[in-house]
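J.: Sharing a structure, written as structure tokens. Questions coming.
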Amino acid sequence: MIARALAGDHQSLSDLVKIHQPYIYNVALKMLNHVADAEDLTQEILVKLVTSLSLYNPVKGRFRTWLYRITFNHFLNLKKQPYEQAVPSFEVLFSYIDNTPDAVLTPDEEQDL
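Heads up: the sequence shown begins at 3 in the working numbering, then just goes up one per residue.
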């Protein structure tokens, strides 16, 4: 699918985004603990996915691992956001992460992201 997307197949690129969008959203939601911010981060990561897809090297690792690194690095590079001020310690942050369930998205919600 990645090779077809890189060759210009729009449907393969669309399928790749649809497959990985819920994963990105769930990672973002756990990192941010805020739905709107997680939706924004998901959109930003999807743009990075599309524009950086040619940089993926399957010899270096799995696609999902590459995508997670992009997501996490983007999160780390964010400027201070309001949610950062609401998290006074790592213990509180880890508690948010541990207690945030994975969201199950309906097809309509996935398209909205």
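Every residue, glycine too, gets a C-beta built ideally from N, C-alpha and C.
Let me check understanding here. Comparing Cα to Cα, which of N35, Q23, L51, N28 lies closest to A7?
T.: For this step, residue 7 is matched to residue 5 along the sequence shown. With distances taken between Cα atoms, A7 lies closest to L51.
J.: Could you spell out where the alpha helix (DSSP H) holding Y25 opens and where it closes?
T.: Position 23 of the sequence shown, counted from the first residue, corresponds to residue 25. Y25 -> alpha helix (DSSP H) spans 12 to 34.
J.: For the alpha helix (DSSP H) containing Y58, list its first residue and its last residue.
T.: If you number the sequence shown from 1, residue 58 lands on position 56. Segment: none, Y58 is in no alpha helix (DSSP H) and carries neither H nor E.
J.: Evaluate M33 with the Cβ neighbour count: other Cβ atoms within 10 Å of its Cβ, from every protein chain shown; 16 or more gives buried, anything less gives exposed.
T.: Indexing the sequence shown from 1 puts residue 33 at position 31. Its Cβ being crowded by 16 or more others within 10 Å, M33 is buried.
J.: Report the rounded CA-to-CA distance for P103 versus D11, giving the unit in angstroms.
T.: Residue numbering aside, residue 103 sits at position 101 when the sequence shown is read from its first letter. Residue numbering aside, residue 11 sits at position 9 when the sequence shown is read from its first letter. Distance between the alpha carbons of P103 and D11 is about 34 Å.
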